[in-house]
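**Q** Residue 110 is where the sequence shown starts when you use our numbering, and the numbers rise one by one after that. Glycine residues also receive a C-beta, built at the ideal position from the N, C-alpha and C atoms. Given the structure is predicted, the values throughout are model-derived calculations rather than measurements.
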Amino acid sequence: MKVRTAAILLIAILAIAVVPSASDGGTGEDVRISIPEVRFDSSISSDIPAIDMSSNSQRHLRVYVFNELDVPVAVVFDTSTLEGTAVVKCETGSIDVEPRDYVSDDLIVKTLEYANTGSYSIPMTVYVQYLDGFEGSIGYEVDLTLHVNITSLYYTDNAYNKFFGFIPNSLEGALGEPWFASLATLILMLLANVLLCYILIPLLTRHFNDKVSKLEKVNLRKSVTKIMSVLMFVFSLNLCAQIIGASPEVCHVISAVSVFVYVCIGAVLAWRIYVFIMSAVLKTVDDAGVVGGLDSSLLPLFKMIGQIVISVVAVTAILASLGVDFAGLLMSAGVVTLGITMGAQNILSQFFSGIILLSTRPFRKGDFIKINNTVYIIKKVKLMFTELYTWEKDQVVTMPNNTLTSATIVNVTRETPEFRVYVYMTIAYEADLAKAKELMTKAGMEHPHAVVDGSRTMPSVRLTDFQDSGIELRLAVYVDNFDDSGTYAGELRERIFQLFKENDIEIPYTKYEITLKNCDGRKRPWDELD
110 MKVRTAAILL IAILAIAVVP SASDGGTGED VRISIPEVRF DSSISSDIPA IDMSSNSQRH
170 LRVYVFNELD VPVAVVFDTS TLEGTAVVKC ETGSIDVEPR DYVSDDLIVK TLEYANTGSY
230 SIPMTVYVQY LDGFEGSIGY EVDLTLHVNI TSLYYTDNAY NKFFGFIPNS LEGALGEPWF
290 ASLATLILML LANVLLCYIL IPLLTRHFND KVSKLEKVNL RKSVTKIMSV LMFVFSLNLC
350 AQIIGASPEV CHVISAVSVF VYVCIGAVLA WRIYVFIMSA VLKTVDDAGV VGGLDSSLLP
410 LFKMIGQIVI SVVAVTAILA SLGVDFAGLL MSAGVVTLGI TMGAQNILSQ FFSGIILLST
470 RPFRKGDFIK INNTVYIIKK VKLMFTELYT WEKDQVVTMP NNTLTSATIV NVTRETPEFR
530 VYVYMTIAYE ADLAKAKELM TKAGMEHPHA VVDGSRTMPS VRLTDFQDSG IELRLAVYVD
590 NFDDSGTYAG ELRERIFQLF KENDIEIPYT KYEITLKNCD GRKRPWDELD
C-alpha cells in the first residue's frame, strides 16, 4: 500500500513539472525581431534607428522574426501615427512562425502626402500570440519605437521669412515680415532673368551671325525672354509660398500647376531654339555644300521630327507628374500598337515610305521622273503620298509613297534638264546611205536647242536595222530641255524629211498593187447583189 501511494505521488510531481503555468509565458527574448537594413535587434534595443524619407513615399524594410519557443506564435505589428505624418503597417498583417524557426516579411513605412519636414518617433506595439501550448497565457506585447526623418516635398521651415529662401530677413517693422521677403525675392528674380536673357541669347546667336537676319535674332530674344520670364515667375511663386509659410496643401497645388506650366513652356522654348538652330545649321550646310543631299529644303522634315520628339517628352513628363504607372501604360500601348500595326500595315508603310523619301530625296519638286516608261513631274512630296503632274500638266496624279519606294524610278532631270532624243528615219536600199547620214547630222547640228558646245556628245547617226523595205537610221541629239524634247524631236523629223526631199533621198513606204482578173459577165453562185 505504501509502495502504491509513493508511486502515485511521484507521478503527480512529474506531471506538475511538465505542465506549463502562466508564469512560463515567453518574453521579448523568446521572440526576437531583427531588421538588418537599419541594424536593429529587439534583444538589444527597442528603438529602431532613424530612416530618411520624403513625404508621400514608402519604404520596404525586411523584418526577420525568430521564434525561440517550443510552440508556434503569431506576430502582429500595430502602428500608430504621430500628428498624422506617418503610417507604418505590416504588409501581411500577421506573421506565423513555427517553433524554433524564423520568418521574414516586409514592413512598409508610408508617409502622408502633406507631411511636414521633421524628425518623428512612431510608437509601434508588437503582439506575440501563442497559437497553442501555454495554458492561462495568450501572449505578450513588445513596445518598439520607429524613428523617421521626413523631408516635405512641398514645404520646408528653412525658407520661412528668408530672401531667396536662404538669406534671413533681419529687417525691422513691416519690412521684416515674410510678405516683404517674398515680394523682394519675386522682383529680384524676374530682373535677374531679364538680365540673364540679354547676356545668354547674344552668346547663342553669335555663331550664326552670317546665317540669320537681325530681325530673326531680335524676335528670338523677345520670345525667349518672355518664355523665360514666365518660367522664372512660376519658380519664384513656389519659393515665395515657402517664404510666407503657406501650408503644404497650398504649396502642393502651386507645385502641381507649376509642373504643367514648366513642361508646356519648356516645350515651346525648346521648339523655338530648335527651329532657330536647325534653320541656321541647314543654311550653313547648304551654302557650304559639304554634305551631299543635305540643305535647307530638309527643314520641314527636321521640324516634323522635332515636333514628335518634343511632344512625346512633354506628354511623358506631364503624365509622370500625375503619377501615371508607365509600366501598365507601356503594356497597354504595346497591345494597342500591335493591333494598329496589324490593321493599318498599309498606312504605316505609306508613312515610313514618306519618311524615307523626305530624307533620301531621290527626287525634288519639278523633277521629271519615269515610272514604268510613263513620265511624271513631281509636284509635292507629302508624308503619306506624293502629288505628280502628267507630262502634259493637265492632270494631277496622287501616288502612295510605298508605291514609289517599291518602284524603279528614273530621275531624268536630277542632274541637268538636258536630255538625249532619238529620231528614227528609214531610207530605201537604193538611196545614198552616206548622204542620208550627213543630212540627218546636219539637221541635228542646225537645231536651235541642240547642245553642240562640246559639253555633251555631238549629234550622231548610226544604222540600226535592215528592214524589209529599207534601212533604218537613228539620229541621237542632246537638247537643252527635257520638257520640250518631244517638240524638238518632231521638229527634227520635219527638217530631215525636208532635207531628204531636197536631195532625192527616198523614204520607202508600203505600196499595194491590185490585179483584176478577166470577167465574162456571168453571175457566179456566191455573188450577191446589194
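Output yes or no for whether 8 Å exceeds the beta carbon distance between V182 and V212.
**A** Stepping through the sequence shown from its first residue, residue 182 is reached at position 73. Stepping through the sequence shown from its first residue, residue 212 is reached at position 103. Against a cut-off of 8 Å, the Cβ pair of V212 and V182 comes out as no contact.
**Q** At what residues does the alpha helix (DSSP H) containing Y597 begin and finish?
**A** By one-based count along the sequence shown, residue 597 stands at place 488. Unbroken alpha helix (DSSP H) run through Y597: 594 to 611.
**Q** For L584 versus V570, is the C-beta distance shorter than 8 Å?
**A** Working through the sequence shown from its first residue, we reach residue 584 at position 475. Working through the sequence shown from its first residue, we reach residue 570 at position 461. Yes, the Cβ-Cβ distance between L584 and V570 is below 8 Å.
**Q** To the nearest whole angstrom, what separates the beta carbons of R470 and I487, a pair I think is in contact under 8 Å?
**A** Taking the first residue of the sequence shown as 1, we reach residue 470 at position 361. Taking the first residue of the sequence shown as 1, we reach residue 487 at position 378. Contact doesn't hold; Cβ gap of about 10 Å is too wide.
**Q** Within 10 Å of its beta-carbon, does Y263 have 16 or more other beta-carbons around it, so buried, or fewer, so exposed?
**A** As a first step, residue 263 is located in the sequence shown; it is residue number 154 there, counting from the start. Y263 comes out buried.
**Q** Looking only at its chain, what residues have a beta carbon closer than 8 Å to the beta carbon of F591, apart from the 5 residues adjacent to it on each side?
**A** Position 482 of the sequence shown, counted from the start, is the residue given in the question as residue 591. Only F477, V521, T522, P526, E527, F528 meet the Cβ criterion.
**Q** Report yes or no: do the region 485 to 500 and the region 543 to 556 share at least 3 C-beta pairs separated by less than 8 Å?
**A** no
**Q** Run through DSSP, which three-state label would H558 get?
**A** Numbered from its first residue, the sequence shown carries residue 558 at position 449. Residue state, collapsed to three classes: coil.
**Q** Between which two residues does the beta strand (DSSP E) holding F472 run?
**A** Taking the first residue of the sequence shown as position 1, residue 472 is located at position 363. Looking at the DSSP string, F472 is not in any beta strand (DSSP E), and its letter there is neither H nor E.
**Q** Just how far apart, CA to CA, sit S462 and V421?
**A** For the purposes of this step, residue 462 is taken as residue 353 along the sequence shown, with counting starting at 1. For the purposes of this step, residue 421 is taken as residue 312 along the sequence shown, with counting starting at 1. When rounded, the distance between both Cα atoms is 22 Å.
**Q** Are there any heavy atoms of the ligand COA lying less than 7 Å away from the beta-carbon of A283, as far as the coordinates show?
**A** The model depicted lacks the ligand COA and carries no ligand whatsoever.
**Q** Kindly indicate which three-state DSSP category I414 falls into: helix, strand or coil?
**A** For this step, residue 414 is matched to residue 305 along the sequence shown. The three-state reading of DSSP puts I414 in helix, counting H, G and I together.
**Q** Which one of V490, I616, I623, T334 has the shortest CA to CA distance from Y307?
**A** Here residue 307 corresponds to residue number 198 of the sequence shown, with the count starting at 1. Checked all of V490, I616, I623, T334; the closest Cα to Y307 is T334.
**Q** Going by Cα to Cα distance, which pick from I536, V588, V530 is closest to K610?
**A** Locating residue 610 in the sequence shown gives position 501, where the first residue counts as 1. When only C-alpha atoms are compared, the closest one is I536.
**Q** If distances are taken between C-alpha atoms only, which option among P557, M534, D589 comes closest to G579?
**A** As a working mapping, residue 579 is identified with position 470 in the sequence shown. Measuring from the Cα of G579, the nearest candidate turns out to be M534.
**Q** Restricting to Cα atoms, I'd like to know which of S155, L378, Y531, Y383 is closest to S230.
**A** Locating residue 230 in the sequence shown gives position 121, where the first residue counts as 1. Taking only the C-alpha atoms, the option nearest S230 is S155.
**Q** State the Cα-Cα distance for the pair V400 and V390, rounded to the nearest angstrom.
**A** By 1-based counting over the sequence shown, the position of residue 400 is 291. By 1-based counting over the sequence shown, the position of residue 390 is 281. Any answer about V400 is weak, because its pLDDT of 43 lies below 50 and its placement is not dependable; what the coordinates show is given next. Cα-Cα distance, rounded: 12 Å.
**Q** Could you tell me the distance, in whole angstroms, from the CA atom of I157 to the CA atom of T254?
**A** Here the question's residue 157 lines up with position 48 in the sequence shown. Here the question's residue 254 lines up with position 145 in the sequence shown. Each residue's alpha carbon lies about 6 Å from the other.
**Q** Based on Cα-Cα distance, which residue from L457, Y383, Q416, Y371 lies nearest to A426?
**A** Stepping through the sequence shown from its first residue, residue 426 is reached at position 317. Closest by alpha carbon: Y371.
**Q** Given I616, which residues of its chain have a CB within under 8 Å of its CB, disregarding the five upstream and five downstream residues?
**A** Within the sequence shown, residue 616 is the residue found at index 507, counting from 1. Same-chain partners within the cutoff: M534, T535, I536, A537, G579, F606, F609.
**Q** Do I336 and L378 have their beta-carbon atoms positioned less than 8 Å apart in this structure?
**A** Working through the sequence shown from its first residue, we reach residue 378 at position 269. Working through the sequence shown from its first residue, we reach residue 336 at position 227. A contact, by the Cβ cut-off of 8 Å.
**Q** Does the beta-carbon distance from A552 to R604 come in below 8 Å?
**A** One-based indexing of the sequence shown puts residue 552 at position 443. One-based indexing of the sequence shown puts residue 604 at position 495. Yes; because the gap between Cβ atoms is below 8 Å, this pair is in contact.
**Q** Can you tell me whether DSSP reads R171 as helix, strand or coil?
**A** Taking the sequence shown and counting its residues from 1, the one referred to as residue 171 is at position 62. Three-state result, R171: strand.
**Q** Kindly identify the DSSP beta-bridge partner or partners of M341.
**A** Locating residue 341 in the sequence shown gives position 232, counting from the first residue. Answer is none; M341 lacks a bridge partner.
**Q** Between the alpha carbons of S130 and I247, how many angstroms are there, rounded?
**A** Within the sequence shown, the letter at position 21 stands for residue 130. Within the sequence shown, the letter at position 138 stands for residue 247. Low local confidence applies: a pLDDT of 38 at S130 is under 50, so the model's placement there is unreliable, with the coordinate-based value given in what follows. Those two C-alpha atoms are separated by around 12 Å.
**Q** Alpha carbon to alpha carbon, how far is I623 from D577?
**A** By 1-based counting over the sequence shown, the position of residue 623 is 514. By 1-based counting over the sequence shown, the position of residue 577 is 468. C-alpha separation (whole angstroms): 20 Å.
**Q** Report buried or exposed for Y531, applying the criterion of at least 16 other Cβ atoms within 10 angstroms of its Cβ.
**A** Here residue 531 is taken as the residue at index 422 of the sequence shown, counted from 1. Exposed, by the Cβ-count rule.
**Q** DSSP state of I536, grouped into three classes?
**A** For the purposes of this step, residue 536 is identified with residue 427 of the sequence shown, where counting begins at 1. DSSP places I536 in strand when its eight states are reduced to three.
**Q** From the DSSP output, in three-state form, read off A159 for me.
**A** Counting from 1 along the sequence shown, the entry for residue 159 is found at position 50. The three-state reading of DSSP puts A159 in strand, counting E and B together.
**Q** Give a yes or no on contact between the region 264 to 282 and the region 346 to 358, applying the rule of three or more CB pairs nearer than 8 Å.
**A** yes
**Q** Measure from the alpha carbon of L467 to the alpha carbon of each residue in E581, K491, V519, R209, then state which is nearest.
**A** The residue given as residue 467 occupies position 358 in the sequence shown. Selected option, being the one with the closest Cα: K491.
**Q** Let's test the definition: count the other Cβ atoms within 10 Å of the Cβ of T499 and tell me whether it reaches 16, buried, or not, exposed.
**A** To locate residue 499, count along the sequence shown from 1; it is residue 390. With fewer than 16 Cβ atoms within 10 Å of its Cβ, T499 is classed as exposed.
**Q** Using the three-state DSSP reduction, which class does T107 fall into: helix, strand or coil?
**A** Residue 107 falls outside the range modelled here, since the chain spans only 110 to 639, and no answer is possible.
**Q** So the beta strand (DSSP E) S228 belongs to, where does it begin and stop?
**A** Reading the sequence shown from its first residue, position 119 is the one you call residue 228. Where S228 is concerned, the enclosing beta strand (DSSP E) stretches over 227 to 239.
**Q** Where does F460 fall in DSSP's three states?
**A** Within the sequence shown, numbered from 1, the residue matching residue 460 stands at position 351. Helix, per DSSP.
**Q** Opposite Y531 in the DSSP bridges: which residues?
**A** Counting from 1 along the sequence shown, the entry for residue 531 is found at position 422. Per DSSP, A585.
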